[in-house]
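Everything below concerns the one structure shown next.
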Amino acid sequence: MKVKHIALAVFGVSLWQSAALADTPAGQVYLGGGWGQSELADANNVDADVGKLYGGIQLSDYLALETEWIHLDDFEFDGFATRDNVESDTINLSAVFSHSLSERFSLLAKGGMHYTEIDVLNEDLENSGFSLGLGAQYDFSSGFGVRAEYQKLYNATNLNDDFELYSLGVRFNF
């Protein structure tokens, strides 16, 4: 039920977009990457470093199609005497809605689907689900900007757990 409400909110934000405020040309390609932290939403004290690479194409002044690879490295489980090597890789495809607040600063919301593979003790666990995210971007020039994001990967594990990701990164426009 929460997912439906969030999806409706993202759709509502997209209707609010004003093409007059945005100055990103349709057809522009971009690449970026980020680094941050992640949490397993349904568990206490489970976190990991996250790195991601992404690329996309602007379909209009306010809408882009984006794909990203997300790597979560060495989960830390507080309270256990040992630390197992647990890693996760995710491929995500999202529609990204953006709204320019000024010439250089914009807010974004994105929604899509992900496929996640988790390597636990040499066993691969696979799952897929919805992904939603919110963020902000500041463009230093027409070719370079920084992006801060919060992203949630729903049903990322076989146990229906969700990953929450917080990242800061760069974006290059071509």
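In mature numbering (1 follows the signal peptide of the UniProt record, and there is no 0), the protein residues as written are -22 to -1, 1 to 152.
Note that CB positions come from ideal geometry on N, CA and C, so glycine has one too.
- Less than 9 angstroms separates the beta-carbon of residue 4 from that of residue 38.
- In the structure shown, residue 125 falls within a strand segment according to DSSP collapsed to helix, strand and coil.
- Look at the beta carbons and you see the region 101 to 113 not touching the region 21 to 35: under three pairs across the two are nearer than 8 angstroms.
- Burial state of residue 79 is exposed, judged by a 10 Å Cβ sphere holding fewer than 16 other Cβ atoms.
- In the structure shown, residue 50 adopts extended strand secondary structure according to DSSP, grouped into three states.
- Looking only at 73, 8, 75 and 89, the smallest Cα-Cα distance to residue 132 is reached by 89.
- When 42, 25, 30 and 67 are compared, the shortest CA-CA separation from residue 10 is found for 30.
- Residue pairing from DSSP places residue 95 in a beta bridge opposite 67 and 104.
- In the three-state reduction of the DSSP assignment, residue 118 falls in the coil class.
- Where residue 25 is concerned, the enclosing beta strand (DSSP E) starts and stops at 24 to 36.
- With a beta-carbon spacing of about 5 angstroms, residue 95 and residue 67 fall inside the 8 angstroms limit used to define contacts.
- In its chain, beyond the 5 residues on either side, 16, 131 and 134 have a beta carbon closer than 6 angstroms to the beta carbon of residue 141.
- In the DSSP assignment, residue 5 falls outside any beta strand (DSSP E), carrying neither H nor E.
- Distance from the CA of residue 100 to the CA of residue 119, rounded to the nearest whole angstrom, comes to 45 angstroms.
- By a beta-carbon distance limit of 8 angstroms, residue 77 contacts residue 85. Their separation comes to about 5 angstroms.
- Under the DSSP assignment, residue 146 falls in the beta strand (DSSP E) whose first and last residues are 141 to 151.
- Residue 80 is not bridged by DSSP to any residue.
- Excluding the 5 residues flanking it on each side, residue 7 has same chain C-beta neighbours closer than 6 angstroms at 35 and 152, in chain order.
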